[in-house]
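Undergrad:
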Amino acid sequence: MIEIKPNIPGALANQQLQRNLKHTLTGSLESRNAAVAAVPNWQDLRNHARQVKLHTLERLDLYLERLETKIEANGGKVVWAEDTAAAVAAIVEIARSRSARKVVKSKSMLTEEIHLNPALEDAGLDVVETDLGEYIVQLCGEVPSHLVTPALHKSKEEVAELFIEKLGMTPTDDIGELTQAARRVLRQHFLSADVGISGVNFAVAETGTLVVVENEGNARLSTSVPRTHIAIMGIEKVIPRVSDLAVFLKLLIRSATGQKVTSYINLISGPRRAGEVDGPEEFYLILVDNGRTKVHSDLHFRQSLACIRCGICLNVCPVFQKIGGHAYGSVYQGPIGSVLTPQFLSESVAPQHPFASSLCGACKEICPVKIEIPDLLLELRQRVQEKTTKGRPFGEKAAMIVWAWMMTSPFRYKLASWLVTRIARRFISKGKPLLNFPPLSAWQKKRDLPPIPARSLKELYRARGGRK
Amino acid sequence: MSQMNVSFFATCLVDQVYPQAGLAAMDLLERLGVAVEFDLRQTCCGQPAFNSGYRQEACRVARSLLEIFCESERIVVPSGSCATMIKCYLPSLFSEGSPEWESAREIGARTFELSDFLVNILGITETGATFAEKVTFHDSCHQLRELGISQQPRTLIKHVKGIQFVELEDANRCCGFGGTFAVKFDEVSAAIGNDKVGRIRESGADYVVANDVSCLMHLDGLLKRQGIGVKTMHLAELLIK
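From first to last, the protein sequence lines stand for chains A and B. Its first residue numbered 1, the first sequence is counted upward by one per residue in our numbering. Its first residue numbered 1001, the second sequence is counted upward by one per residue in our numbering.
1. Suppose the cutoff is 6 angstroms on Cβ atoms and the five residues either side in sequence are ignored; what does the same chain contact list for K1087/B look like?
2. Using a Cβ-Cβ distance under 8 angstroms, would V1166/B count as near chain A?
3. Between the C-alpha atoms of L285/A and K364/A, what's the straight-line distance to the nearest angstrom?
4. Look at P368/A and S255/A and say whether their C-beta atoms are less than 8 angstroms apart.
5. Could you check whether S108/A and G199/A sit closer than 8 angstroms to each other, using their CB atoms as the reference points?
6. Going along the chain, which residues of its own chain have a beta-carbon closer than 6 angstroms to the beta-carbon of A1010/B, five neighbours each way excluded?
7. Quick check: the segment 1124–1138 of chain B against the segment 1153–1163 of chain B, are at least 3 beta-carbon pairs closer than 8 angstroms?
8. Per DSSP, what kind of secondary structure is N74/A in: helix, strand or coil?
9. Is it a yes or a no for the segment 305–322 of chain A touching the segment 333–349 of chain A, going by three-plus beta-carbon pairs under 8 angstroms?
10. Would you say K468/A faces chain B, with C-beta separation under 8 angstroms as the test?
11. Per the DSSP calculation, H1234/B is bridged to which residue(s)?
12. I believe F202/A touches I239/A by the beta-carbon criterion, under 8 angstroms. Please report the beta-carbon distance rounded to the nearest angstrom.
13. For the alpha helix (DSSP H) that contains V319/A, what are its first and last residues?
14. Drop a sphere of 10 angstroms on the beta-carbon of K260/A, count the other beta-carbons inside from all chains shown, and report buried for 16 or more, exposed for fewer.
15. Can you check whether the CB of N290/A is closer than 8 angstroms to the CB of E113/A?
16. For L287/A, which of helix, strand or coil comes out of DSSP?
17. How is the beta strand (DSSP E) around I268/A delimited, first residue to last?
18. Could you run through the segment 1061–1094 of chain B and flag, in chain order, every residue whose CB is less than 7 angstroms away from some CB of chain A?
19. How is the alpha helix (DSSP H) around F163/A delimited, first residue to last?
20. Please classify M1/A: is it buried, with 16 or more other beta-carbons within 10 angstroms of its beta-carbon, or exposed?
21. Taking 6 angstroms as the limit between beta carbons, can you name the residues of its chain near K468/A, skipping five residues before and five after?
22. Would you say S357/A faces chain B, with C-beta separation under 8 angstroms as the test?
23. In chain order, which beta strand (DSSP E) runs of at least 3 residues are fully inside the segment 1129–1198 of chain B?
24. Whole angstroms are fine: how far does the CA of M1026/B sit from the CA of F1137/B?
25. The segment 444–456 of chain A: which residues have C-beta closer than 8 angstroms to a C-beta of chain B, in chain order?
26. Among the candidates V52/A, I428/A, F437/A, D375/A, whose CA atom is the shortest distance from the CA of G395/A?
27. Can you list, in chain order, the residues of its chain whose CB lies under 6 angstroms from that of R50/A, leaving out five sequence neighbours each side?
28. Is the number of C-beta pairs between the segment 29–42 of chain A and the segment 162–172 of chain A that are closer than 8 angstroms three or more?
29. When the Cβ atoms of the segment 1045–1062 of chain B are set against those of the segment 374–385 of chain A, are three or more pairs found closer than 8 angstroms?
30. Please list the segments of the alpha helix (DSSP H) lying wholly inside the segment 28–73 of chain A, counting only runs of 4 or more residues, in order along the chain.
31. So, does the CB of S417/A fall closer than 8 angstroms to a CB anywhere in chain B?
32. Report the three-state DSSP secondary structure of H146/A (helix, strand or coil).
33. Would you check if the segment 455–467 of chain A and the segment 1194–1209 of chain B touch, i.e. whether three or more CB-CB distances between them fall below 8 angstroms?
34. Apart from the five residues on each side of it in sequence, which residues of its chain come closer than 8 angstroms, Cβ to Cβ, to F251/A?
35. Run the CB neighbour count on H326/A, radius 10 Å, all protein chains shown included, and call it buried at 16 or more, exposed below.
36. Between the segment 1192–1210 of chain B and chain A, which residues of the former have CB atoms less than 7 angstroms from a CB of the latter, in chain order?
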């Protein structure tokens, strides 16, 4: 079971993490807002993108087959992987058959989801993450704490310390110098790698083109320098046409980084062709299901597969802003992570995720493809409680049954009200209860209780004879 | 023009913990010439169960709400959150096309959050209140994002005589209450709330006003625990001063 609650005290008490979260998330929201304000038809774009995604999901079989046909026509090979084991096995097999020793990777959350790095290392491969954030996280032996900015939880001082220790660089906290140090090391890895693995932002069915959006040039190097390029994507990343890209790139980039455009947008349509001077000799696309068809078959939750992994729902979430990504304990974090994790892994594996939200709706308001995250969380809450209370109507379930019984009769409500105003109020003195039990104890750790009035509104209303 | 009739849905929290806000809302409506009916059979909108995943229990409570308000011309609620429950979520508790679903949709369409009712139905911007204090306003999430209400309360507050209104930085950011979230993730809830408390202090206001007593209960608890003298107040209490 993946729990969130045990990680919270540590996250809240970590002053460095709190400073990093505040600094980075405030900055990224400000740049996003400025970038979006410059697009007058932003709402139209959101609506359009949502429609395209929902349409594609409706005809997912058609578009995936079209994608496969096109990729093969372009000289690439397509592997369908039903689950983690199949995806990992396919990649290990390709690497083995090429006698590969070193793999360079550009950013891919899906490879985190299938725990690819440890599997490749077990197979005797040297694995190097080449996205700067991912590289930092890998050097620390950690996992990403954000979909887009994996080392969000680190300050530049912490990165400097890490590079001094691991790369032997001379002390500095100049971001430019730190980046140069990583660049020097990574450049050698690109040149000596046998296989490059990349994620995919969008896969265009019409042309068999994979789109990889980045700023550092590491994805371009990972996908073009090594002899073999393996791209890996979840089956939901397919879009129908090249013309759809204009909308999706605008939405993704402005939401994810607040830029108008990223430094690089790679359009990859297969291996090197005769007469071309660069590019990989062979090209594979691994299409991964790993729970996605299960989500797809559930009409209520299908829309969660529309996610383009921009990470903006994390940035705007008051809970994520306080606890950061690692506290979620899952690969996908924040609001969309709390929707995806229980679905990919089952509600009983991640029962706390749907509840780790104040349901404020900031995620739904900002999502570029308008995923109704709070509504999905509510639905998941119901599923979690049904699973956990089935046949065992104790605790909260019992309380809810009694509560509903009280609330469905004016008489019983009146009785409950009388108990609260006559009895319970005597146990609260200056905001603190004399009896301290859940949920009152949780409330009053950091908050005073409200004073309970001697008379309810109904009683006061009755006492003054109804209408004034 | 004939007198407007409204049914007042106080909400359970106002009834039990903040009766003065309920009285203020009813008095305010009557002062503005509205005939207010307060049906004493009313209880709760079902939100505590609904938000915790107990749809069946929420459904039972919702059913009694439908019974009580099925004849009402208009229902006024002094809470953005409970108004959202009735307007946006109640129909989802019943199967589409069923008589209860129809009834929930009809009642939802006739339900109004108090400030929205005052400004958009009564066409009032000034309630005649006088309050010579420095006041700020917190947007509660459901009211802001589901009902799209943000200008109505500000318009009403700015027209209070003698008032010094200051905008709260990040006014549209959640206060961290979130219903049962406040006790299930109490530390996160309090941490989010303390950011809000910080903003309230920065505003220099002596009063923080909102349309939801749930947010105010949470903020008031934090303010009192830390010995901060800023007072919380429901919008209706301000508008009747």
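Built from N, CA and C at the ideal position, the CB exists for glycine as well.
TA: In brief:
1. Within the same chain, K1087/B has close Cβ partners G1108, T1111.
2. For V1166/B, the nearest beta carbon of chain A is not closer than 8 angstroms to its own beta carbon.
3. Cα to Cα, the separation comes out at about 32 angstroms.
4. Contact flag set, yes.
5. Yes, Cβ-Cβ distance for G199/A and S108/A is below 8 angstroms.
6. G1022, listed in sequence order.
7. Yes, the segment 1153–1163 of chain B is in contact with the segment 1124–1138 of chain B.
8. Coil at N74/A, not helix or strand.
9. Yes: at least three Cβ pairs fall under 8 angstroms.
10. Unreliable placement is indicated for K468/A, whose pLDDT of 48 sits below 50; the coordinate value is still reported in the next sentence. Yes, because at least one Cβ of chain B sits closer than 8 angstroms to the Cβ of K468/A.
11. Note: H1234/B is bridge-paired with A1210/B in the DSSP secondary-structure output.
12. Between I239/A and F202/A the Cβ distance is about 5 angstroms, and since that is below 8 angstroms, they are a contact.
13. Taken as a continuous stretch (DSSP letters only), the alpha helix (DSSP H) holding V319/A covers 318–323.
14. A residue is called buried once 16 or more other Cβ atoms fall within 10 Å of its Cβ, and K260/A, having fewer, is exposed.
15. Yes, the pair counts as a contact, with Cβ atoms nearer than the cut-off.
16. Strand.
17. For I268/A, the enclosing beta strand (DSSP E) begins and ends at 264–268.
18. For the segment 1061–1094 of chain B, residues whose beta-carbon sits nearer than 7 angstroms to a beta-carbon of chain A comprise V1061, S1064.
19. First-last of the alpha helix (DSSP H) with F163/A: 156–167.
20. So M1/A ends up on the exposed side.
21. Here K468/A scores only 48 on pLDDT, less than 50, and its place in the model is too uncertain to base an answer on.
22. It does; some Cβ of chain B falls within 8 angstroms.
23. Within the segment 1129–1198 of chain B, complete beta strand (DSSP E) segments of at least 3 residues are found at 1134–1137, 1164–1166, given in chain order.
24. Roughly 21 angstroms separates the two Cα atoms.
25. Taking 8 angstroms as the Cβ-Cβ cut-off, the segment 444–456 of chain A approaches chain B at Q444, K445, K446, R447, D448, L449, P450, I452, P453, R455, S456, given in chain order.
26. Checking every option, the nearest Cα to that of G395/A belongs to F437/A.
27. The beta carbon of R50/A is closer than 6 angstroms to those of V369, K370 in its chain, skipping five residues each way along the sequence.
28. No, the segment 29–42 of chain A is not in contact with the segment 162–172 of chain A.
29. At 8 angstroms Cβ cutoff, the stretches touch.
30. You should have 42–58, 60–73.
31. Judged by the 8 angstroms Cβ criterion, S417/A is in contact with chain B.
32. Note: H146/A maps to coil in three-state DSSP.
33. Contact between the segment 1194–1209 of chain B and the segment 455–467 of chain A is absent, because fewer than three Cβ pairs lie under 8 angstroms.
34. Residue 251/A is actually Leu in this sequence, not Phe. So the qualifying residues of the chain are L45, R46, A49, I308, C310, P368, V369.
35. Burial call: buried.
36. Within the segment 1192–1210 of chain B, the residues whose Cβ lies closer than 7 angstroms to any Cβ of chain A are, in chain order, I1192.
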